[in-house]
Amino acid sequence: MPRISTLRTSGSGSNTWWTTSFLRSFSAESVQFDPMSNGTQEEQVQDEGELVAARRAKLAWLRDELGVEPFGRHVEGLTSLADARARFDEAADVAHEASVAARKEDESAPLVDDRPSARVAGRIVQHRDCGKLVFMVLRDDTGDLQVSISKADMAPEQFKVAKKLDYGDIVVASGPVGRTRRGEICVWASELEIHCKSLAPPPGKHHGLSDPEARYRRRYVDMYANPETIRTIKARSRIVSRIRTFMEGRDYLEVETPMMQPMAGGAAARPFVTHHNALDLDLFMRIAPELYLKRLLVGGLPRVYEINRNFRNEGIDRSHNPEFTSMEVYEAFGNYETIMELTESLIHELAVAMREDLLALEPERDLGTAEEPILPYGDLRINYGRPFRRVRYHDLFEAALGFPASDIERVRAAARELGRDDIDELDDALVVNLVFEERAEPTIDPAEPTFVLDYPSAISPLTRPHRDDPSIAERVDIFIGGMEIGPAYTELNDPDIQLSKFTEQLRGVDDEESTFRSLDEEFLDALRVGMPPAGGLGLGIDRIVILLTDSASIRDVILFPLMRPVDAVDEADG
RNA sequence: GAUUCCGUAGCUCAGUUGGCAGAGCAAGCGACUUUUAAUCGCUAGGUCCUGGGUUCGAGCCCCAGCGGAAUCACCA
C-alpha cells in the first residue's frame, strides 16, 4: 500500500469529520491500489507528500461534498486586476459606508451602493481566514489585488470554499470595488468560484522562489512568485516589437532565412549538428544568417533584417546561452557609417521608450531626460544620450597603453606581461588585438555607449578594407555596460577578395574545425552575380534586453534557458 | 573544459569541536466580521543531493559522482 501513514486517521483527538473525510476520499480516489502494480507506480504515489495529499483531499472534498468542479470553464466579462483597482470610486465608497452606518441606527434607512463592480481572476498569493471574513490577494500579470469576503454577502457553500482555498489556486471573484477599514482597495466578493485547484506545494509566501536553479527549471512558478520575472518578459517583448517598428519605419524588410544549413557560415563559432533522415544529410544549426541575407541583397532587396535565433556550441555564462537571439541588418549602398547612425538611433530610441515605461511605474525616478535617458544597470547609470562616443581602435590602444600599436616591440612586451607564453608564435596583428582586449577594452567607460571603429584589417577577414588605409577595416563594435553588443561592417563585395579571404581562413583550421568549416561555393557564386556595396550589422538582442531591463544574467531574459536535465545520470558512462 | 563556492522540511535559511535534526513561513485541527508577512492555541512534516570511506558515532572530516552559481577559457 502506498505510504500515506503520515496522515493519521485515528489517535489524535484533533481530527474531525472532515479530516477523515478528506482521507477517505484521498485513499479511495487518488490512490488506486493494485496488488500487481510494480514498484515504479508505487513510488510515484509515494512522491506525493503531505502537502500534496492535503490539496488532493480538498479537491475530492470540493467534488464529493460540495459538488463543485474545481477545474473550471470559459468565463466572460473578466477585468484585469489593475483595471479593477482603477475602477475604485472614492465618493461611491464613502456614500456606501455612510448608508451602511445609517442602517445600523435605523433599519429603514435606504442602502446606497453605487460602487462599480468587477469580475476578476487570478492566482491566490495570500489567504487569510479570519472567521466570518476571508481576505485573499490575487495576482495576475497586471499586479495584485485583494479580494475580501464577508460571510453575510456570500452563499454559504461558496463561503465554505473561500475559507478552504490554498495559495496557488486560481479563482474568479465578482463584486463591488471598495475599500476595507484599513483603506485597502479590494473587490468585496459576492460570488467566488475556484477555476483551478493547484496540486503542487507553493513556493514561500515571503521570499518567493529565489533559488536560481528552481527559477529557471520551473519558470512557471518563478513567474507568479516573482512579479519582476513577468515584468522582464513583457519588457523584452516590447523591446523586440519596438525594434521591428523602428526597422519598418526605415523601410527594412523583415525576412527569415534557414536555421538548418548544410554549411555553418557567417561567423567563427562551433555549430550544433543535426541530421535529416530522408536526405540522409547532416545539417548545422546556424551560427549566423549572414550569408543568406547577403544573397538577398544580390537578388535585389535593398534593405533586409532578420531577428531570430543563432546556435553556438560553446560555453555558458552570464552573457552566453547556446541559443540566443540576434538581429542582423544589411543595407545596400550603406557602409559602417550609415550603420552606426542606424544603431545609435535604434538604441537611443529603445532607451527613451524604456525610460518612459519605468517612469509610468515610478514617476519620481531620476532617469535623465527624454533626450538623454539614463538607465540603471547594476551599479551603473548608463547615459544613452546622443551622440554615442566614437573612438578609433588605434587611438584607444594608444590612450590605454601609452604607446602606439605600431610599436610592435613594446606591444609584444606588454603581451608577455599578461602572462601569455605563446606570444612569439602569433602574428603581430593577433598580439596587438590580445593587448587591446586585455588592456584597452577595459578602459571603455561602461556607463557610456561607445563605438570602437577602424579595427585592423588583419583581424577582420570578412570586412572591406578602409578606402584610405587598407591596413584598417571598416568595422565598428559597440560596447555598453562592459558588454560587446554587436559589430557592424562595410561588407566585402569583391568575390575574388572574398574567395582569397575564405581560403586564407580555412588554411589556419585544425582537424576538429575542418569538420564544420568549408568553402561556401554557393555564396561565392552569389557574389560573382554581384552584390551591391553594403553596410551590415549584428546586434545581440538578449544583451540589449539585459541592459535595458537591468538584468544580472542572460538567463533572466531568456524564458527557458538551457539547463542540464537532472535525470540524465551516468548515461554517458560505459 | 578549469578553479572556487553552494546543495538540510513545500519555500527561505540556521546547524557550535564529529555526539538525539532546528527556526520562520507554508500545511492539518480549533478560535476570530476589517486582515495587510493577520493573530492566538494544538498537531504533523527530513533520502541532510547521490554513492563510497574514516570513526564507537558523520549534516559536519576524506574520495568519487550529479546539479547549480560565480570567475576563467571558447564566443557574441
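Every position in the first sequence, counted from 1, becomes a number in the working numbering once 908 is added.
Glycine is no exception: its CB is placed at the ideal position from the N, C-alpha and C atoms.
For Asp1332, the three-state secondary structure derived from DSSP is helix. Judged by DSSP secondary structure, Met1193 falls outside any alpha helix (DSSP H) and instead within the beta strand (DSSP E) spanning 1189 to 1193. Taken in chain order, the unbroken stretches of beta strand (DSSP E) that lie wholly in the region 1339 to 1366 and span 3 residues or more are 1358 to 1361. Assignment of Ala1172 by DSSP, reduced to helix, strand and coil, places it in the coil class. Non-local beta-carbon contacts of Ile1078 in its own chain, meaning distances under 6 Å to residues more than five positions away in sequence, involve Arg1031, His1103, Cys1104 in chain order. By the neighbour-count criterion, in which 16 or more other beta carbons inside 10 Å mark a residue as buried, Thr1358 falls on the buried side. If you check the CB distance, Leu1258 and Leu1456 come in under 9 Å. The criterion of a C-beta distance shorter than 9 Å is not satisfied by Leu974 and Ile1224. Within the DSSP secondary-structure output, Asp1048 pairs in a beta bridge with Gly1051. When only Cα atoms are considered, Leu1304 and Val1453 end up about 27 Å apart.
If you keep only unbroken alpha helix (DSSP H) runs of at least 4 residues inside the region 956 to 1004, you get 958 to 972, 989 to 994. His1183 is bridged by DSSP to Asp1190. In the pairwise beta carbon analysis, the region 1188 to 1195 is classified as not touching the region 1292 to 1302: fewer than three pairs are separated by under 8 Å.
Counting other Cβ atoms within 10 Å of its Cβ, Cys1094 reaches 16 or more and is therefore classed as buried.
DSSP places Asp1225 in the strand class (E or B) of the three-state scheme. Under DSSP, Gly1446 shares a beta bridge with Glu1236.
Between Arg1150 and Gln1169, the C-beta spacing is not below 9 Å.
Between Glu1214 and Met1235, the C-beta spacing is below 9 Å.
Under the 8 Å Cβ criterion, the region 1238 to 1257 counts as touching the region 1144 to 1164, having at least three qualifying pairs.
CA-CA distance, Leu1283 to Val1045, rounds to 32 Å. Unbroken beta strand (DSSP E) stretches of 3 residues or longer found wholly inside the region 1107 to 1182: none.
Using a Cβ-Cβ distance cut-off of 8 Å, the region 1345 to 1360 and the region 1267 to 1279 are not in contact, since fewer than three pairs of beta carbons, one from each stretch, lie closer than that value. CA-to-CA, the gap between Glu1399 and Glu1429 works out to about 18 Å. Between Arg1047 and Thr987 a beta carbon distance of about 15 Å is seen, past the 8 Å cut, so the two are scored as non-contacting. In the three-state reduction of the DSSP assignment, Val1260 falls in the helix class. One alpha carbon belongs to Arg1126, the other to Pro1230, and they sit about 19 Å apart. Only residues of its own chain outside the window of five on either side were considered, and among them Gly1443 have a CB closer than 8 Å to the CB of Glu1245, listed in chain order. Counting only residues of its own chain and dropping the five nearest sequence neighbours on each side, Ser1098 has a CB closer than 7 Å to the CB of Asp1061, Met1062, Ser1082, Gly1083. The bridge partners DSSP lists for Asp1385 are Val1360, Pro1395.
DSSP lists Met1044 as the beta-bridge partner residues of His1035. For a cut-off of 8 Å, the C-beta gap from Leu1053 to Val1237 is around 43 Å, too long to register as a contact. Taking Arg981 as reference, the option from Ser1025, Glu1092, Glu1101 with the minimal CA-CA separation is Glu1101. For Glu998, the number of other beta carbons within 10 angstroms of its own is below 16, and it is reported as exposed. Selection Arg1211, Lys1012, Val960, Val1474 evaluated against Leu1161 yields Arg1211 as nearest (Cα-Cα).
Per DSSP, Tyr1292 is not a residue of any alpha helix (DSSP H), being assigned neither H nor E.
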